[in-house]
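A.B. asks: This is the structure, below, for whatever I ask next.
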Amino acid sequence: MLPARSVVPGRPPPAGRDRHPAAVRAANAAPVARFPTGNVSAMADTIVSLDAVSVRRDGAALLSDVRWTVTAGQRWVVLGPNGAGKTTLLLVAAGRLFPTAGAVDLFGSRLGSVDMRELRYRVGLVSSALTETPPPEERVLDVVLTAAWAVFGRGYERYDEIDMARAAGLLRQFGCGALVDRRFGTLSEGERKRVAIARALMTDPELLLLDEPAAGLDLGAREALLRRLTRFAADPTAPAMVMVSHHVEEIPVGVTHALLLRDGRVVAAGPVQETVTAGPLSECFGIPLDVTVNGGRFTARLAPRPPRPRAAAPA
Numbered sequence: 001m002l003p004a005r006s007v008v009p010g011r012p013p014p015a016g017r018d019r020h021p022a023a024v025r026a027a028n029a030a031p032v033a034r035f036p037t038g039n040v041s042a043m044a045d046t047i048v049s050l051d052a053v054s055v056r057r058d059g060a061a062l063l064s065d066v067r068w069t070v071t072a073g074q075r076w077v078v079l080g081p082n083g084a085g086k087t088t089l090l091l092v093a094a095g096r097l098f099p100t101a102g103a104v105d106l107f108g109s110r111l112g113s114v115d116m117r118e119l120r121y122r123v124g125l126v127s128s129a130l131t132e133t134p135p136p137e138e139r140v141l142d143v144v145l146t147a148a149w150a151v152f153g154r155g156y157e158r159y160d161e162i163d164m165a166r167a168a169g170l171l172r173q174f175g176c177g178a179l180v181d182r183r184f185g186t187l188s189e190g191e192r193k194r195v196a197i198a199r200a201l202m203t204d205p206e207l208l209l210l211d212e213p214a215a216g217l218d219l220g221a222r223e224a225l226l227r228r229l230t231r232f233a234a235d236p237t238a239p240a241m242v243m244v245s246h247h248v249e250e251i252p253v254g255v256t257h258a259l260l261l262r263d264g265r266v267v268a269a270g271p272v273q274e275t276v277t278a279g280p281l282s283e284c285f286g287i288p289l290d291v292t293v294n295g296g297r298f299t300a301r302l303a304p305r306p307p308r309p310r311a312a313a314p315a
């Protein structure tokens with residue numbers, strides 16, 4: 001279970017610094033499981049929806065006619081080669097990049113007709129750029145804690161014990177409980193990424209977006225991260241999750257759906273066991289692939305070519 005939400009009713013923000021709207025909402029909400037188990041209408045259940053979305057920049061088509069919906073409780077992986085549009089898709093879903101054409105609905109609100117400062121704080125985004133943003137001298141606990149005020153670098157913000165407990169609990173959940181007093185700049189790449197995920201969850205977002213969280217990690221660090229993400233995916237109180245990757249080996253157990261992108265277009269989308277298969281994956285990456293699944297983990301390898309027919313022996 002995710003740690004208890006910050007409870008800070010009526011806390012005035014310091015001058016010049018606004019407390020995260022998401023944290024304010026969490027302060028006035030009872031700490032109950034977010035996702036109901038009964039029947040819920042499709043509209044109420046929808047987290048983000050893209051309808052015929054295209055993105056063009058400097059004459060290049062980054063996304064073309066993308067239709068995609070994420071609903072509460074789903075865990076998605078977005079796969080594709082370099083330049084497929086995966087990060088662009090994530091930025092659109094986060095409300096940080098507006099499409100050239102098409103419509104994007106985030107939490108039931110249409111992008112372009114709502115104050116994005118409110119919606120963005122309901123999304124936790126983790127990218128390689130963000131793992132380099134915290135000051136290297138910042139304490140790990142403070143890196144997570146300051147997310148409540150949407151700042152890096154602790155200043156004059158006031159935090160309650162429940163804030164501290166939530167930050168520490170999130171760090172423990174991602175295997176960083178012993179790092180609370182370490183300086184962020186002393187952490188390994190794998191530790192930084194797990195701390196960044198804990199920070200993204202501090203304000204109790206409704207959607208968690210992970211842009212290649214396992215990129216650059218050695219085998220041990222990758223498996224440590226995937227083990228934590230597997231537990232996260234199994235938590236019914238956790239937010240919907242979308243994770244970008246190049247490699248099927250980085251798909252944690254518990255991912256429910258997959259979207260395959262190539263050249264900005266959707267190759268396939270649907271339940272992960274039906275989508276991450278040899279046919280769609282081969283089309284996505286442009287090479288013949290064999291896919292195996294063992295214990296819920298995927299492996300892809302180049303498919304062996306059929307043997308060439310032997311030339312007939314001369315008479």
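Per the UniProt record's numbering, the sequence shown runs over residues 1 to 315. Ideal Cβ placement from N, Cα and C applies to all residues, glycine included.
Between the C-alpha atoms of Arg67 and Arg228, what's the straight-line distance to the nearest angstrom?
C.D. replies: Translated into the one-based positions of the sequence shown, residue 67 becomes position 67. Translated into the one-based positions of the sequence shown, residue 228 becomes position 228. Between Arg67 and Arg228, the C-alpha separation is close to 30 Å.
A.B. asks: Count the other CB atoms within 10 Å of the CB of Ser245; is the residue buried (16 or more) or exposed (fewer)?
C.D. replies: Looking up residue 245 in the sequence shown gives position 245. Its Cβ being crowded by 16 or more others within 10 Å, Ser245 is buried.
A.B. asks: If we count Cβ pairs, one from each stretch, closer than 8 Å, do we get three or more for the region 112 to 121 versus the region 66 to 82?
C.D. replies: No: fewer than three Cβ pairs fall under 8 Å.
A.B. asks: Can you tell me whether DSSP reads residue 316 as helix, strand or coil?
C.D. replies: Nothing in the structure corresponds to residue 316, since the chain is present only between 1 and 315.
A.B. asks: Report the option in Cys284, Gly73, Arg154, Arg166 whose CA atom is closest to the CA atom of Leu208.
C.D. replies: For the purposes of this step, residue 208 is taken as residue 208 along the sequence shown, with counting starting at 1. Selected option, being the one with the closest Cα: Gly73.
A.B. asks: Taking all protein chains shown into account, decide if Asp204 is buried (16 or more other Cβ within 10 angstroms of its Cβ) or exposed.
C.D. replies: The count along the sequence shown starts at 1 and reaches residue 204 at position 204. Its Cβ being crowded by 16 or more others within 10 Å, Asp204 is buried.
A.B. asks: What do you get for Ser127, buried or exposed, if any count of 16 or more other CB atoms within 10 angstroms of its CB means buried?
C.D. replies: Counting from one through the sequence shown, the residue named residue 127 turns up at place 127. Buried is the call here.
A.B. asks: Measure how close the beta-carbons of Val242 and Leu90 come, nearest whole angstrom, since I'm counting them as under 8 Å.
C.D. replies: As a working note, residue 242 is residue 242 in the sequence shown. As a working note, residue 90 is residue 90 in the sequence shown. Going by Cβ atoms, the distance from Val242 to Leu90 rounds to 7 Å, so yes, they are a contact pair.
A.B. asks: Just tell me which of Leu281, Leu261, Ala198, Asp142 has its CA closest to the CA of Thr88.
C.D. replies: In the sequence shown, residue 88 corresponds to position 88, counting from 1. Of the candidates Leu281, Leu261, Ala198, Asp142, the one whose C-alpha sits nearest the C-alpha of Thr88 is Leu261.
A.B. asks: Under the assumption that Val78 contacts Val53 (Cβ atoms under 8 Å), give the Cβ distance between them as a whole number of angstroms.
C.D. replies: Walking along the sequence shown from the start, residue 78 turns up at place 78. Walking along the sequence shown from the start, residue 53 turns up at place 53. So it is not a contact: roughly 14 Å between Cβ atoms.
A.B. asks: Going by C-alpha to C-alpha distance, which of Glu274, Glu189, Arg139, Gly190 sits closest to Ala167?
C.D. replies: Here residue 167 refers to the residue found at position 167 of the sequence shown. Out of Glu274, Glu189, Arg139, Gly190, Arg139 has the C-alpha closest to the C-alpha of Ala167.
A.B. asks: In terms of residue numbering, what span does the alpha helix (DSSP H) encompassing Thr275 cover?
C.D. replies: Within the sequence shown, the letter at position 275 stands for residue 275. It spans 272 to 275 - the alpha helix (DSSP H) in which Thr275 sits, taken as one unbroken run.
A.B. asks: Mind checking which residues open and close the alpha helix (DSSP H) that includes Gly153?
C.D. replies: Translated into positions along the sequence shown, residue 153 becomes position 153. Where Gly153 is concerned, there is no enclosing alpha helix (DSSP H), given that its DSSP letter is neither H nor E.
A.B. asks: Going by the DSSP bridge assignment, what does Val66 pair with across the sheet?
C.D. replies: Walking along the sequence shown from the start, residue 66 turns up at place 66. According to DSSP, Val66 bridges with Val53.
A.B. asks: Candidates Phe184, Val180, Val291, Leu210: which alpha carbon is nearest Glu249's?
C.D. replies: Residue 249 sits at position 249 when you count from the first residue of the sequence shown. The candidate whose alpha carbon is nearest that of Glu249 is Val291.
A.B. asks: How far does the beta strand (DSSP E) with Leu289 in it reach, from first residue to last?
C.D. replies: The sequence position of residue 289 within the sequence shown is 289, counting from 1. Run containing Leu289: 289 to 294, per the beta strand (DSSP E) assignment.
A.B. asks: With the cut-off set at 8 Å, would you say Gly220 and Val253 are in Cβ contact?
C.D. replies: Here the question's residue 220 lines up with position 220 in the sequence shown. Here the question's residue 253 lines up with position 253 in the sequence shown. Contact flag unset, no.
A.B. asks: State the Cα-Cα distance for the pair Ala103 and Arg183, rounded to the nearest angstrom.
C.D. replies: Taking the sequence shown and counting its residues from 1, one reaches residue 103 at position 103. Taking the sequence shown and counting its residues from 1, one reaches residue 183 at position 183. Spanning the two alpha carbons is a distance of roughly 42 Å.
A.B. asks: Under the three-state reduction of DSSP, which class applies to Met202: helix, strand or coil?
C.D. replies: Translated into the one-based positions of the sequence shown, residue 202 becomes position 202. Note: Met202 maps to coil in three-state DSSP.
A.B. asks: Looking only at its own chain, which residues have a Cβ that is under 7 Å from the Cβ of Gly80, when we skip the five neighbours before and after it?
C.D. replies: The sequence position of residue 80 within the sequence shown is 80, counting from 1. Cβ neighbours of Gly80 beyond the five flanking positions: Lys86, Leu260, Leu261, Arg262, Cys284.
A.B. asks: Taking the beta strand (DSSP E) that Val104 belongs to, which residues open and close that run?
C.D. replies: Taking the sequence shown and counting its residues from 1, the one referred to as residue 104 is at position 104. Run containing Val104: 101 to 106, per the beta strand (DSSP E) assignment.
A.B. asks: Does DSSP put Arg172 in a helix, a strand or coil?
C.D. replies: The residue given as residue 172 occupies position 172 in the sequence shown. Here Arg172 sits in helix by DSSP.
A.B. asks: Rounded to the nearest angstrom, what separates Arg231 and Gly59 at their Cα positions?
C.D. replies: For the purposes of this step, residue 231 is identified with residue 231 of the sequence shown, where counting begins at 1. For the purposes of this step, residue 59 is identified with residue 59 of the sequence shown, where counting begins at 1. If I take the Cα positions, the gap works out to 42 Å.
A.B. asks: Helix, strand or coil: which one does DSSP assign to Ile251?
C.D. replies: Position 251 of the sequence shown, counted from the first residue, corresponds to residue 251. In this structure, Ile251 counts as coil in the three-state DSSP scheme.
A.B. asks: When the Cα of Ala129 is compared with those of Glu223, Gly83, Ala215, Ala300, which residue comes out closest?
C.D. replies: As a first step, residue 129 must be located in the sequence shown, where it is residue number 129. Checking every option, the nearest Cα to that of Ala129 belongs to Ala215.
A.B. asks: Return the CA-CA distance between Glu137 and Arg301, expressed in angstroms with no decimal places.
C.D. replies: Residue mapping note: residue 137 aligns to position 137 of the sequence shown, counting from 1. Residue mapping note: residue 301 aligns to position 301 of the sequence shown, counting from 1. Cα-Cα distance, rounded: 42 Å.
A.B. asks: If you check the beta carbons only, do Arg199 and Gly175 fall under 8 Å apart?
C.D. replies: As a working mapping, residue 199 is identified with position 199 in the sequence shown. As a working mapping, residue 175 is identified with position 175 in the sequence shown. Contact: no.
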